[in-house]
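In full-length UniProt numbering, the protein residues as written are 1 to 185.
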């Protein structure tokens with residue numbers, strides 16, 4: 001009986017050591033590499049950061065890096081990067097200071113003088129942010145709403161196994177909220 005218990009314990013410990021060894025020698029990327037991937041995706045240089053943090057975590061039983069950083073311009077980015085592959089699983093940013101192309105900071109309204117961007121302009125801003133054409137997005141929806149006392153456009157679309165959600169200020173075209181994550185999460 002004692003030999004059986006000792007043998008079972010030895011087998012269990014051996015399996016644990018093997019599992020730990022396999023994980024230790026796996027080709028996971030480093031935290032520094034995860035940060036570099038996030039910075040490249042955000043088109044930001046490390047020298048432009050005022051804060052950054054990289055932590056390992058588990059999401060859906062897979063090892064990921066949670067990368068957070070804030071630029072000197074005040075934009076906050078959050079990324080989730082799969083440690084095994086370096087793939088971006090999810091990301092979002094708070095782009096309070098985003099100014100659409102062709103607009104000057106502090107100037108609101110549109111060229112038409114209506115004081116509010118159109119739904120089509122809100123779509124274009126969101127699609128430009130994702131770097132895709134409208135024909136590439138599926139299930140694109142945008143609706144006007146009120147949030148915190150201001151008129152906004154809320155929307156959502158899918159592209160390349162990612163789900164994008166956004167909120168855009170209807171007066172300025174500023175992206176107030178942006179979230180992109182895998183459709184599998």
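For each residue, glycine too, the CB sits at the ideal point set by N, CA and C. None of these values were measured; they are calculated from a predicted model.
- In the DSSP assignment, residue 173 is bridged to no other residue.
- Around residue 167, the same chain offers 152, 154, 176, 177 as residues with beta carbons nearer than 6 Å, after the five sequence neighbours per side are excluded.
- Inclusion of residue 180 and residue 164 in the CB contact set at 7 Å is warranted, their separation being smaller than that value.
- Taking each of 76, 162, 38 in turn and checking the Cα distance to residue 184, the smallest one comes out for 162.
- Under the DSSP assignment, residue 121 falls in the alpha helix (DSSP H) whose first and last residues are 119–130.
- By the Cβ neighbour-count rule, residue 45 is exposed, with fewer than 16 other Cβ atoms within 10 Å of its own.
- Note that the C-beta distance between residue 76 and residue 94 is below 7 Å.
- Excluding sequence positions up to five before and after residue 141, its CB lies within less than 8 Å of the CB of 155, 156, 157, all in the same chain and listed in chain order.
- The beta-carbon separation of residue 136 and residue 119, rounded to 19 Å, does not stay under the 8 Å limit for a contact.
- Between residue 64 and residue 40, the C-beta spacing is not below 7 Å.
- Beta-bridge partners of residue 56 (DSSP): 65.
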